[in-house]
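Below: one structure, written as structure tokens.
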Amino acid sequence: MKKNVTIYDVAREAGVSLATVSRVINGSSVVKAKTRDRVLETIQRLDFKPNQIARGLATSKTTTIAIVFPQSLFAHVKDMIGGIGDTSRRLDYNVSIYTTDEIGDGNPIETVMERVIKSRADGVILFNNDEIDKEIEMIEKYKIPAVIIGGKASQHIASIMVDSKAIAFDIVNKYLDRGQDNIAFVIPKQNLIETDSMIEGIVEAYQNHGKTFDMTQQVIHASTHYEKSYQQFLDYFKEHRHDLVFAGYDKEAVAAINAAIDNGIRIPEDMEVIGMMDTNYALMCRPALTSVHVPVYDMGALAVRLLTKILNEENVEESKIVLHHLLMPRETTL
642 MKKNVTIYDV
652 AREAGVSLAT
662 VSRVINGSSV
672 VKAKTRDRVL
682 ETIQRLDFKP
692 NQIARGLATS
702 KTTTIAIVFP
712 QSLFAHVKDM
722 IGGIGDTSRR
732 LDYNVSIYTT
742 DEIGDGNPIE
752 TVMERVIKSR
762 ADGVILFNND
772 EIDKEIEMIE
782 KYKIPAVIIG
792 GKASQHIASI
802 MVDSKAIAFD
812 IVNKYLDRGQ
822 DNIAFVIPKQ
832 NLIETDSMIE
842 GIVEAYQNHG
852 KTFDMTQQVI
862 HASTHYEKSY
872 QQFLDYFKEH
882 RHDLVFAGYD
892 KEAVAAINAA
902 IDNGIRIPED
912 MEVIGMMDTN
922 YALMCRPALT
932 SVHVPVYDMG
942 ALAVRLLTKI
952 LNEENVEESK
962 IVLHHLLMPR
972 ETTL
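Position one of the sequence shown corresponds to residue 642 (our numbering), numbered consecutively onward.
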């Protein structure tokens, strides 16, 4: 039985975006002649029969952007979703949200990404996470315009991020300057901020001081669930002490603080703790948590603006936008 050829097949074979194929189908004059000829040749070669949905992709009054992220990230990025929603409404775009933690057995990432592709979204915003490489592979396969929040840009995908390597280097270097080299880094599962880059920054800071960062002894992998992280740290701090515990998220930092206190460790007198993202966890924690403020609302808003520029074939001067961060000192550091 012959497989039905879709607009996605045409876009992939022609090496263009879905929006470009739909513009050619609808006779738009904004497509360059060389590109139009390549798309038309592909349509003829694949014997593609445009349907009403395909025709409507370019002529619809509004467009749709798909947002894909692990549900476990929501507490850390809810303000970012606000930035995405506010900017999408101003630009007259619809937003569809897909999460990857409720799919059950099988291949959840593949399942979710197939749903995104079948939804005919004009573009996709992805959040950096443990499965980002799989997501990028599928997006690039179908030539869907995309922006990654928190991760590096690829050849065809733009990004909005903070300089995670610089964040980690600056914090760790400050403690090493004071002679405090017993530092633990907590890696949460599904990290929006690039963990590998943060570790690079930590390692570089140690090397600059003629020291070695021991990945086997100074890196702690934590659960996404507070209860599990707390129990893990409760056991851990029975035998371990550090000058600084630097966590990739505030939630894991709070779990470390509570477990340390329950083991008789004074915060910050005996051990200092720093979190990331500057979420409500940092403000609700007692003592209040020192955290790195990441402008998540702005990241969401800029991701939409960058993606819509790509969709509308506007000039994009920089495909990788790096935003500033700010350390917010509170009661868990001296």
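Positions of the beta carbon are idealized from the N, C-alpha and C atoms, including for glycine.
Inter-residue Cα distance where the pair is residue i and residue j
{"i": "T700", "j": "A787", "result": "Because T700 sits at a pLDDT of 48, beneath the cut-off of 50, its placement in the model cannot be relied upon, and the point is left open."}
{"i": "P711", "j": "K869", "result": "18 Å"}
{"i": "A825", "j": "S838", "result": "16 Å"}
{"i": "V935", "j": "A762", "result": "28 Å"}
{"i": "I666", "j": "I722", "result": "33 Å"}
{"i": "L967", "j": "Q685", "result": "54 Å"}
{"i": "D650", "j": "L767", "result": "22 Å"}
{"i": "L948", "j": "G764", "result": "7 Å"}
{"i": "D746", "j": "I785", "result": "Note that D746 scores 49 on pLDDT, short of 50, meaning its location in the model is unreliable; the coordinates nonetheless yield the value given after this. Distance between the alpha carbons of D746 and I785 is about 26 Å."}
{"i": "A809", "j": "Y783", "result": "35 Å"}
{"i": "V646", "j": "A652", "result": "11 Å"}
{"i": "S864", "j": "L659", "result": "38 Å"}
{"i": "D811", "j": "V933", "result": "11 Å"}
{"i": "I669", "j": "D733", "result": "It is Ser, not Ile, that sits at residue 669 in the sequence shown. Spanning the two alpha carbons is a distance of roughly 21 Å."}
{"i": "M912", "j": "I962", "result": "35 Å"}
{"i": "M917", "j": "T704", "result": "34 Å"}
{"i": "R946", "j": "L964", "result": "15 Å"}
{"i": "R696", "j": "S663", "result": "With a pLDDT of only 48 at R696, under the threshold of 50, the placement of this residue in the model should not be trusted, and no figure is reported."}
{"i": "Y871", "j": "A888", "result": "13 Å"}
{"i": "S729", "j": "N735", "result": "7 Å"}
{"i": "V720", "j": "D884", "result": "Position check: residue 720 holds Asp in this sequence, whereas Val was assumed. Going from the Cα of D720 to the Cα of D884 covers about 32 Å."}
{"i": "T931", "j": "D678", "result": "57 Å"}
{"i": "A823", "j": "T741", "result": "It is Asn, not Ala, that sits at residue 823 in the sequence shown. About 36 Å."}
{"i": "E880", "j": "D771", "result": "30 Å"}
{"i": "F689", "j": "I843", "result": "53 Å"}
{"i": "A831", "j": "I798", "result": "First, the residue type needs correcting, since residue 831 is Gln and not Ala in the sequence shown. When rounded, the distance between both Cα atoms is 20 Å."}
{"i": "T974", "j": "I898", "result": "12 Å"}
{"i": "A716", "j": "G726", "result": "16 Å"}
{"i": "L681", "j": "I951", "result": "22 Å"}
{"i": "I750", "j": "V827", "result": "25 Å"}
{"i": "E972", "j": "P909", "result": "7 Å"}
{"i": "E958", "j": "I789", "result": "17 Å"}
Boundaries of the alpha helix (DSSP H) in which residue i is found, first to last residue
{"i": "Y890", "result": "First-last for Y890: undefined, no H or E at that position."}
{"i": "L968", "result": "From DSSP, L968 is part of no alpha helix (DSSP H) but of the beta strand (DSSP E) over 967 to 969."}
{"i": "V665", "result": "659 to 666"}
{"i": "S670", "result": "Here S670 belongs to no alpha helix (DSSP H), and DSSP marks it neither H nor E."}
{"i": "F874", "result": "867 to 877"}
{"i": "L924", "result": "921 to 925"}
{"i": "E654", "result": "648 to 655"}
Extent of the continuous beta strand (DSSP E) run through residue i
{"i": "E751", "result": "First-last for E751: 749 to 759, but that is the alpha helix (DSSP H), not the beta strand (DSSP E)."}
{"i": "Y734", "result": "734 to 740"}
{"i": "T931", "result": "931 to 934"}
{"i": "M917", "result": "913 to 918"}
{"i": "L964", "result": "961 to 964"}
{"i": "F710", "result": "704 to 710"}
{"i": "V860", "result": "860 to 863"}
For residue i, three-class secondary structure by DSSP
{"i": "H717", "result": "helix"}
{"i": "A699", "result": "Confidence at A699 is low in this model, with a pLDDT of 47, below 50, so its placement is unreliable and the value that follows should be read with caution. Here A699 sits in helix by DSSP."}
{"i": "I790", "result": "strand"}
{"i": "L948", "result": "helix"}
{"i": "L833", "result": "coil"}
{"i": "A762", "result": "coil"}
{"i": "S795", "result": "coil"}
{"i": "K775", "result": "helix"}
{"i": "L885", "result": "strand"}
{"i": "L803", "result": "Per the sequence shown, the amino acid found at residue 803 is Val instead of Leu. DSSP places V803 in strand when its eight states are reduced to three."}
{"i": "I828", "result": "strand"}
{"i": "F689", "result": "coil"}
{"i": "L975", "result": "coil"}
{"i": "F810", "result": "helix"}
{"i": "E958", "result": "coil"}
Any chain B beta carbon closer than 7 Å to residue i
{"i": "I812", "result": "Of the chains in the structure shown, none is chain B; there is only one protein chain."}
Rounded Cβ spacing between residue i and residue j (contact assumed at less than 8 Å)
{"i": "S960", "j": "A707", "result": "Wrong, their Cβ atoms sit about 19 Å apart, outside the cutoff."}
{"i": "M802", "j": "G792", "result": "7 Å"}
{"i": "V886", "j": "V860", "result": "Between V860 and V886 the Cβ distance is about 11 Å, and since that is not below 8 Å, they are no contact."}
{"i": "E893", "j": "P970", "result": "With 8 Å as the limit, E893 and P970 do not qualify as a contact, their Cβ atoms being about 19 Å apart."}
{"i": "E954", "j": "V671", "result": "7 Å"}
{"i": "T683", "j": "E654", "result": "5 Å"}
{"i": "F878", "j": "A901", "result": "5 Å"}
{"i": "I834", "j": "S805", "result": "5 Å"}
Three or more C-beta pairs below 8 Å linking the stretch 747 to 767 and the stretch 894 to 906: No, because fewer than three Cβ pairs between the stretch 747 to 767 and the stretch 894 to 906 fall closer than 8 Å, the two stretches do not touch.
Does the stretch 843 to 850 touch the stretch 803 to 819, meaning 3 or more C-beta pairs lie closer than 8 Å? The way I'd put it, the stretch 803 to 819 does touch the stretch 843 to 850; three or more beta-carbon pairs between them come closer than 8 Å.
Can you confirm whether the stretch 939 to 950 touches the stretch 917 to 928 when touching is taken to mean that 3 or more C-beta pairs between the two stretches lie within less than 8 Å? Segments in contact, no.
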